[in-house]
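Here's the structure we're looking at; comments come further down.
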Amino acid sequence: MLWTMIDAAGLRVMKAISDEGSFTGAALSLGYSQPAISQMVRRLEQRTGTVLVERVGRNVRLTEAGQVLARHAVAVLSALDAAEEEVAAIAGLRAGRVRLMAFPSSSATLVPRALALVKQRFPDVQVTFTEAEPPESLAALKAGECDLAVAFAYEGTDVGRGEEDMDLFVTHKLLDDEVRLALPRSHPLADRESLELSALAQENWIAGCPRCRGHLLQMCANEGFSPHVGFETEDYVAVLGLVAEGLGVALIPDLILRTAHHHDVVTLPMTPASRRTISVVTTADLQRVPAVQATIEALCEAAKATPRVLASN
Numbered sequence: 000m001l002w003t004m005i006d007a008a009g010l011r012v013m014k015a016i017s018d019e020g021s022f023t024g025a026a027l028s029l030g031y032s033q034p035a036i037s038q039m040v041r042r043l044e045q046r047t048g049t050v051l052v053e054r055v056g057r058n059v060r061l062t063e064a065g066q067v068l069a070r071h072a073v074a075v076l077s078a079l080d081a082a083e084e085e086v087a088a089i090a091g092l093r094a095g096r097v098r099l100m101a102f103p104s105s106s107a108t109l110v111p112r113a114l115a116l117v118k119q120r121f122p123d124v125q126v127t128f129t130e131a132e133p134p135e136s137l138a139a140l141k142a143g144e145c146d147l148a149v150a151f152a153y154e155g156t157d158v159g160r161g162e163e164d165m166d167l168f169v170t171h172k173l174l175d176d177e178v179r180l181a182l183p184r185s186h187p188l189a190d191r192e193s194l195e196l197s198a199l200a201q202e203n204w205i206a207g208c209p210r211c212r213g214h215l216l217q218m219c220a221n222e223g224f225s226p227h228v229g230f231e232t233e234d235y236v237a238v239l240g241l242v243a244e245g246l247g248v249a250l251i252p253d254l255i256l257r258t259a260h261h262h263d264v265v266t267l268p269m270t271p272a273s274r275r276t277i278s279v280v281t282t283a284d285l286q287r288v289p290a291v292q293a294t295i296e297a298l299c300e301a302a303k304a305t306p307r308v309l310a311s312n
């Protein structure tokens with residue numbers, strides 16, 4: 000009978016107190032007055048028959064029972080939000096909201112086309128978009144802060160990279176993305192049809208995001224050398240600029256090369272070959288929401304229409 004006494008508003012209050020550490024902070028985050036927060040806590044304590052919040056000076060902290068409610072609040076509230084969206088669609092309201100997170104190199108290729116398809120087919124569906132690399136986007140999905148995450152994983156690894164609770168997610172593969180070597184056009188090896196990674200063991204390297212840097216280090220270690228990383232940037236336009244000026248070489252995925260080019264940069268297939276898998280990740284519950292499913296389908300369609308990139312030299 001305990002859970003029949005706990006409503007969604009009470010759970011939101013407990014989560015807000017846990018996040019903010021005070022009644023004042025919780026009130027500001029939820030748009031309530033502080034007395035309203037205090038009253039809701041007292042009512043919830045009466046219903047549950049136990050103390051949920053302990054006052055410590057100007058701040059408060061949750062008791063063990065309060066922590067239990069705050070911990071379960073994320074999943075419960077996410078499920079309630081998903082249920083509301085699905086019920087609204089079934090009732091024929093033609094409404095929905097999808098919160099999409101995607102890594103930067105997909106935001107110039109897959110994401111715009113998919114968003115355009117959703118807008119064209121379902122003008123009343125609102126899709127919001129935020130850039131985030133896979134670790135952050137998957138954490139946001141787990142926390143109920145987004146509905147879809149476009150993520151990538153290099154060969155030999157999974158999207159979650161060993162993160163906990165990956166069995167809660169549902170993954171839809173979008174495409175395989177080849178990774179190429181990027182050299183300055185003036186480089187003595189730039190005229191090759193392809194190039195062994197080990198041939199660049201003495202070069203200065205430009206690394207990307209933490210996951211991409213880890214892939215670079217592992218690839219080089221497999222070939223028997225440790226790369227000298229002179230520059231680090233997650234902006235691939237900046238990477239191309241650095242390579243063009245002869246400041247280093249880099250690994251660049253095809254997804255970047257579909258939209259970003261530099262006349263003074265040559266991109267070549269490499270040996271051993273390297274690819275990454277691009278996927279859209281959600282949860283079993285969320286993918287049943289019509290607006291979420293429509294966005295997944297749009298992303299899959301946009302991926303199928305993505306043209307193949309040829310090496311440039």
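All letters in the sequence shown, in the order written, are residues 0 to 312 by numbering that gives the first Met the number 0. C-beta atoms are modelled at their ideal positions from N, C-alpha and C, and glycine is treated no differently.
DSSP state of residue i, grouped into three classes?
i: Pro268; result: coil
i: Gln119; result: helix
i: Glu296; result: helix
i: Asp253; result: helix
i: Glu19; result: helix
i: Leu194; result: strand
i: Gln125; result: strand
i: Arg275; result: strand
i: Leu246; result: coil
i: His227; result: strand
i: Met0; result: The predicted position of Met0 is uncertain, since its pLDDT is 45 and thus under 50; no value can be drawn from it.
i: Ala152; result: strand
i: Leu188; result: coil
i: Glu222; result: coil
i: Ser77; result: helix
i: Val288; result: coil
i: Ser106; result: coil
i: Val12; result: helix
i: Gly213; result: helix
i: Val67; result: helix
Can you grab the Cα-Cα spacing for the pair residue i / residue j, in whole Å?
i: Ala94; j: Glu84; result: 8 Å
i: Pro111; j: Cys208; result: 22 Å
i: Gly65; j: Asp166; result: 27 Å
i: Ala302; j: Ile277; result: 9 Å
i: Leu29; j: Leu254; result: 40 Å
i: Ala272; j: Lys118; result: 37 Å
i: Ala7; j: Val158; result: 32 Å
i: Leu194; j: Thr266; result: 10 Å
i: Leu92; j: Phe230; result: Only weak support is given to the placement of Leu92: the predicted model assigns it a pLDDT of 49, under 50, and the value that follows is read from those uncertain coordinates. Taking the straight line joining both Cα atoms gives about 51 Å.
i: Val86; j: Arg98; result: 18 Å
i: Val12; j: Asp80; result: 16 Å
i: Leu137; j: Tyr153; result: 16 Å
i: Leu1; j: Val75; result: Low local confidence applies: a pLDDT of 48 at Leu1 is under 50, so the model's placement there is unreliable, with the coordinate-based value given in what follows. Straight-line Cα distance between these residues: approximately 14 Å.
i: Thr156; j: Val149; result: 16 Å
i: Glu222; j: Leu27; result: 55 Å
i: Gly247; j: Cys219; result: 15 Å
i: Ala181; j: Glu53; result: 58 Å
i: Leu188; j: Met269; result: 12 Å
i: Phe168; j: Glu144; result: 14 Å
Thinking residue i and residue j are a contact (beta carbons under 8 Å), I'd like their distance in whole angstroms, please.
i: Ala243; j: His227; result: The pair is not a contact, with the Cβ atoms about 19 Å apart (cut-off 8 Å).
i: Gly245; j: Pro183; result: 5 Å
i: Thr305; j: Thr108; result: 7 Å
i: Ala249; j: Val238; result: 5 Å
i: Arg46; j: Ile16; result: About 16 Å; that fails the 8 Å criterion.
i: Met39; j: Gly9; result: 6 Å
i: Thr62; j: Val73; result: Not quite, the Cβ-Cβ distance comes to about 19 Å (not below 8 Å), so this is no contact.
i: Thr282; j: Val126; result: In fact, because the Cβ distance is near 17 Å, the residues do not count as touching under 8 Å.
i: Ala113; j: Ala297; result: 4 Å
i: Asp176; j: Pro252; result: 5 Å
Looking at the secondary structure, which residues open and close the alpha helix (DSSP H) in which residue i lies?
i: Asp175; result: Run containing Asp175: none in the alpha helix (DSSP H); it sits in the beta strand (DSSP E), Phe168 to Pro183.
i: Tyr235; result: Tyr235 to Ala243
i: Ser136; result: Pro133 to Lys141
i: Thr47; result: Gln33 to Thr47
From the beta carbon of residue i, is the nearest beta carbon of chain B less than 8 Å away?
i: Trp204; result: Of the protein chains in this structure there is only one, and it is not chain B.
Please report the residue range of the beta strand (DSSP E) in which residue i lies.
i: Ile205; result: Asn203 to Ala206
i: Ala101; result: Gly95 to Ala101
Name the one or two DSSP bridge partners that residue i has.
i: Asn58; result: Val55
i: Val280; result: Ala148 and Thr170
i: Glu130; result: Ala101
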